[in-house]
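959 is the number of the first residue of the sequence shown in my numbering; add one for each residue after it.
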Amino acid sequence: MGTFFFYSNKKPRKFNYTPILHNPEEDARKDRLQSRIETIKKEMGVLPELSQEKMLEKKDFKAEFISQTRHLKKRKMRETSGERTLFANNGLLIIILIILIIIFFFWFLR
């Protein structure tokens, strides 16, 4: 049976993952090359220029995700309208009331 010592406890290993196939310099180079190709295609007229609104729509993943899920959509609507449930508003009061009722039954009705 092992013994427990306060001063010689081993600490858990830290997470130290280095990806094998990931090269940040190569990713940056590919991004620069892709953006350069897109600008050249836009100048030549092959690709239509995207307006700022389209670019924002493309990058706004969170809003799109919320709009596709019912429970997150309901939560967002409640947050924006300021509506809160009875328990959320008076949670502490309800818990204290329940504790007082339990104390009353155990104290006076023995």
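Where a beta carbon is used, it is the ideal one built from N, C-alpha and C, also for glycine.
Do the CB positions of S1025 and K1031 come within less than 8 Å of each other? If you number the sequence shown from 1, residue 1025 lands on position 67. If you number the sequence shown from 1, residue 1031 lands on position 73. Closer than 8 Å, so yes.
Going along the chain, which residues of its own chain have a beta-carbon closer than 6 Å to the beta-carbon of F1023, five neighbours each way excluded? For the purposes of this step, residue 1023 is identified with residue 65 of the sequence shown, where counting begins at 1. None.
Cα-Cα separation between N1048 and T1038, rounded to whole angstroms: Within the sequence shown, residue 1048 is the residue found at index 90, counting from 1. Within the sequence shown, residue 1038 is the residue found at index 80, counting from 1. For N1048 and T1038, the distance between alpha carbons rounds to 20 Å.
Between K999 and S993, what straight-line distance do the alpha-carbon atoms span, to the nearest angstrom? Here residue 999 corresponds to residue number 41 of the sequence shown, with the count starting at 1. Here residue 993 corresponds to residue number 35 of the sequence shown, with the count starting at 1. Near 10 Å, if we compare the C-alpha coordinates of S993 and K999.
F1062 - DSSP class collapsed to helix/strand/coil: Taking the sequence shown and counting its residues from 1, one reaches residue 1062 at position 104. Of the three classes helix, strand and coil, the one that applies to F1062 here is helix, per DSSP.
Inter-residue spacing [alpha-carbon to alpha-carbon] between H980 and K972: Start at 1 with the first residue of the sequence shown, and residue 980 comes out as number 22. Start at 1 with the first residue of the sequence shown, and residue 972 comes out as number 14. Cα to Cα, H980 sits roughly 21 Å from K972.
Could you check what DSSP says for R1036 in three-state terms: helix, strand or coil? What you label residue 1036 is simply residue 78 of the sequence shown in a count that begins at 1. Three-state DSSP puts R1036 in a helix.
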